[in-house]
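Numbering (this note's numbering), first residue to last: 1 to 212.
Here the structure comes first, spelled out in structure tokens, and everything after it is commentary.
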Ligand code: GAR
């Protein structure tokens with residue numbers, strides 16, 4: 001299964017996918033990494049691995065429709081079977097969604113539908129929840145909306161900061177996301193734009209929440 005990974009930042013999830021591929025636990029092939037930010041560290045990592053990279057920047061005042069068309073053109077030229085948003089901090093417009101219906105997934109650092117958006121870990125702290133986590137879901141036109149494929153739970157600790165919580169959530173993301181990609185690759189999970197068939201639920205880890 002040929003995968004294009006969309007990134008905006010550090011790229012720890014991209015690394016986790018690559019590690020799983022190298023370890024033989026994720027039967028996918030990354031055919032390209034596309035970013036909206038030229039300086040994304042994830043791009044440098046991809047280049048080190050000789051994975052083709054593309055940058056489609058969106059600057060303040062740029063025409064968003066044109067950007068969506070350019071992004072779609074670059075991604076489609078790589079001919080992916082699956083597109084993975086791994087820390088891609090833009091909402092996708094109709095051109096890419098319509099070109100790859102049900103074939104785009106995203107990882108988010110919260111238990112959706114709670115705490116969508118850019119600050120999942122901070123919002124979980126502000127919301128006072130005792131359990132947060134991460135979600136892998138099919139992408140639609142909303143912000144971190146779309147059918148949920150898998151989730152993993154992470155306890156929120158009494159003295160947590162957003163960074164500390166996010167770091168623990170990322171440990172789970174790095175396990176969950178390559179696992180979902182592998183399950184899609186082998187046909188154990190099937191996707192379509194409106195629903196997800198997940199015969200093997202990877203969602204719930206049992207966990208004990210420590211006293212606050
Ligand atoms: C990840 O934690 C991902 O869940 C989050 O960005 C981080 C990227 O980290 N995505 C979102 O918040 C999407 N709303 P990475 O660049 O190290 O993979």
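A virtual CB, placed ideally from N, CA and C, is assigned to each residue, including glycine.
Since the structure is predicted, the reported quantities are computational estimates derived from the model, not experimental observations.
{"Check": "Any 3 or more C-beta pairs closer than 8 Å across the stretch 148-155 and the stretch 84-98", "Outcome": "no"}
{"Check": "7 Å Cβ shell around residue 91 - same chain, five flanking residues per side excluded", "Outcome": "143"}
{"Check": "Which listed residue (119, 168, 169 and 178) has its alpha carbon closest to that of residue 20", "Outcome": "178"}
{"Check": "Check: residue 134 C-beta below 7 Å from any heavy atom of the ligand GAR", "Outcome": "yes"}
{"Check": "Neighbour-count burial assignment, residue 140, 16 or more Cβ in a 10 Å radius", "Outcome": "buried"}
{"Check": "First through last residue of the alpha helix (DSSP H) which encompasses residue 120", "Outcome": "120-127"}
{"Check": "Any non-hydrogen atom of the ligand GAR closer than 7 Å to residue 46 Cβ", "Outcome": "no"}
{"Check": "Bridge partners - residue 29, DSSP secondary structure assignment", "Outcome": "2"}
{"Check": "Residue 56 versus 135, 41, 103 and 8, residue with shortest Cα-Cα distance", "Outcome": "8"}
{"Check": "Contact set for residue 42: own chain, Cβ-Cβ below 6 Å, skip 5 residues either direction", "Outcome": "7, 11 and 14"}
{"Check": "One or two residues paired with residue 148 in a DSSP bridge", "Outcome": "137"}
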